[in-house]
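In our numbering, the protein residues as written are 1265 to 1519. In this text, a Cβ means the ideal position worked out from N, Cα and C, and glycines have one as well. Please read these numbers as outputs of a predicted model, since none were measured by experiment.
Take a look at the structure:
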């Protein structure tokens, strides 16, 4: 499949996230089995609305993009990384830039944003470096290359109008360096972690524009938006600054 081949030859890519899934099938034993799984995945290319049932949202797929949904999306991210990232609802592929954008949903309650001034970029970066270093042995065991967090490309910022926080970090190993651009988009009952992944040159040329296009294509359904919060709703045990600082795992694409 053309999409899969393009993804597999893209430069190394990275992202942040969470804990293991108990029901994820074991990693394929050889390249033939891995290729077979990739080829069976159902990428869709029609520019239309695609529902995201778990988060009560939708994505209107932009022209020139393809989308992978549900279990295929979650499996794809696992196969690319060698570690599991639960909550993945969709993966978008931009045919023009050959970059991936991952949508992962966490239903952990309404996240208040009044602690944003508490964000500490220095400690946050140190936490990411430590978390990535700790995850490398599992990646290597599943046939992936180890890599490290290098530093900030753009420190965390927050747009209180759109309820989206952004940051960008540089990742790298002996094969090269790449960008990991993360957006945390807040909803009424949870939040999405939306991540653009690609090489540094592509990021400089189009990364933020492509990430913002993907963010604009996504919407929570009426009644499930951040602004729809009502007294009595479940409120997360952490604020936005704490949430962003906790988004500290890393994803990788096979080169």
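- Annotation: residue 1302 to residue 1328 spans about 20 Å, alpha carbon to alpha carbon.
- As the crow flies, the alpha-carbon of residue 1430 is around 13 Å from that of residue 1377.
- For residue 1402, the enclosing alpha helix (DSSP H) has its first and last residue at 1385-1405.
- Residue environment: residue 1293 is assigned as exposed (fewer than 16 neighbouring CB atoms within 10 Å of its CB, all protein chains considered).
- Residue pairing by DSSP places residue 1313 opposite 1324 in a beta bridge.
- Here residue 1331 is actually not in contact with residue 1342; their C-beta atoms are around 18 Å apart, not less than 8 Å.
- Residue burial annotation: residue 1339 is buried, with at least 16 other C-beta atoms found within 10 angstroms of its C-beta.
- Nearest in C-alpha terms to residue 1455, of all of 1305, 1368, 1349 and 1350, is 1368.
- Of all C-beta pairs linking the region 1303-1312 to the region 1457-1464, fewer than three are shorter than 8 Å, placing the two stretches out of contact.
- Contact annotation: residue 1428 and residue 1449 have beta-carbon atoms nearer than 8 Å.
- Under the criterion of beta carbons closer than 8 Å, residue 1452 and residue 1488 qualify as touching, at roughly 5 Å.
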